[in-house]
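The letter at position 217 of the sequence shown is residue 254 when you use the numbering used here, and the numbering goes up by one with no holes.
Ideal placement from N, C-alpha and C gives every residue a C-beta, glycine not left out.
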Amino acid sequence: MLIPLTRAKFEELVPRFATGEQYRYASGKLPDFLRRLLISVVGLLVAFFFRAILPESFAILEFLLGITTGLYWLWSPIYWASRRNAEIRRYPYAGFLQGEVLDAFPSEEVIGTEETVNKRGELVVIENRERRLNLEIGDEEGFTTFLQVPLQQAHRAIRPGDRAELLVVSYRPDLSRIEMVSDVYLSDYSLWVSDYPYVRRDMFVEVSHRLDQEYAPPPPPPRRRRRSQSRR
Numbered sequence: 038m039l040i041p042l043t044r045a046k047f048e049e050l051v052p053r054f055a056t057g058e059q060y061r062y063a064s065g066k067l068p069d070f071l072r073r074l075l076i077s078v079v080g081l082l083v084a085f086f087f088r089a090i091l092p093e094s095f096a097i098l099e100f101l102l103g104i105t106t107g108l109y110w111l112w113s114p115i116y117w118a119s120r121r122n123a124e125i126r127r128y129p130y131a132g133f134l135q136g137e138v139l140d141a142f143p144s145e146e147v148i149g150t151e152e153t154v155n156k157r158g159e160l161v162v163i164e165n166r167e168r169r170l171n172l173e174i175g176d177e178e179g180f181t182t183f184l185q186v187p188l189q190q191a192h193r194a195i196r197p198g199d200r201a202e203l204l205v206v207s208y209r210p211d212l213s214r215i216e217m218v219s220d221v222y223l224s225d226y227s228l229w230v231s232d233y234p235y236v237r238r239d240m241f242v243e244v245s246h247r248l249d250q251e252y253a254p255p256p257p258p259p260r261r262r263r264r265s266q267s268r269r
């Protein structure tokens, strides 16, 4: 079932600026942090160099350059995560999809290539491969979508028929053409499947429970008991 969302509710679920979880994702691993730290150090050295050669009238610019580059290691994850959020927020219409897993299978994909030279002096292209999960999701109305994410140990529990929920966005008010989807929530396992955590997950689960109550089918009417007629 695909349920349209108001723009206000969509913007609550996908914030403009990075959440704590999105910040941690964008921060990456230790090599990513060290690379940002190196950029900050180089930026500070450049700022000190300009301070030595430029007149005092440029002191404010030198200060801003030093602060901006010196704290690059801290603010850059916020910037990159906010850009990812802007990618999905630019679509004017959104919906909440309640469907199920149609298919789930692993694969090995090429995520990049490197060129190197072997002992014979020949150019060799090395492919960097990654194990990924391929997930197909659909609902009873015939809507289907497909996404691919890095494979994790927890993904082994996923089976066809599992309940799956996610956000979809479109340029069309009737959501007849889906342009992009968010991370997927599998409520049977309280498991999130994603390449990037687009949504505020606590609020997403709250909206899911609210929609379950709102769109739940009414209970069947109670059956009337027939009175037994006593024989005389």
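Test item: CB-CB of residue i and residue j under 9 Å
i	j	result
Gln190	Arg169	no
Leu42	Leu204	yes
Asp199	Tyr226	yes
Ser245	Ile125	no
His192	Pro143	yes
Ser207	Ile195	no
Glu49	Arg237	yes
Ile174	Gly149	no
Ile232	Pro187	Sequence inspection shows Asp at residue 232; the Ile mentioned does not correspond to that position. Going by C-beta atoms, Asp232 is nearer than 9 Å to Pro187.
Residue i: first and last residue of the uninterrupted beta strand (DSSP E) it sits in
i	result
Ile115	Looking at the DSSP string, Ile115 is not in any beta strand (DSSP E); the run it does join, the alpha helix (DSSP H), is 109-126.
Gln185	181-187
Leu212	Segment: none, Leu212 is in no beta strand (DSSP E) and carries neither H nor E.
Ile195	First-last for Ile195: undefined, no H or E at that position.
Start and end residues, alpha helix (DSSP H) containing residue i
i	result
Glu243	238-251
Ile76	67-90
Arg44	44-50
Ser58	Checking the displayed sequence, the identity of residue 58 turns out to be Glu instead of Ser. Looking at the DSSP string, the run of the alpha helix (DSSP H) that includes Glu58 is 57-64.
Per DSSP, the bridge partner or partners of residue i
i	result
Val205	Gly132, Val218
Ser144	Arg169
Leu39	Leu134
Thr105	Paired residue(s): none; Thr105 is not in a bridge.
Beta-carbon separation (whole angstroms), residue i vs residue j, contact threshold 8 Å
i	j	result
Leu39	Leu172	17 Å between Cβ atoms; not a contact.
Gly103	Ala89	Not a contact, Cβ separation roughly 13 Å.
Leu160	Glu152	6 Å
Straight-line Cα distance separating residue j from residue i
i	j	result
Val79	Trp112	16 Å
Tyr62	Leu82	29 Å
Glu146	Phe95	51 Å
Glu202	Trp117	26 Å
Ala141	Phe183	10 Å
Gly179	Ala131	18 Å
Val51	Leu212	18 Å
Trp270	Val221	Limits of the chain in this structure are 38 at one end and 269 at the other, which puts residue 270 out of reach.
Leu108	Met217	33 Å
Asp239	Lys46	14 Å
Asn122	Leu75	26 Å
Phe100	Ser77	14 Å
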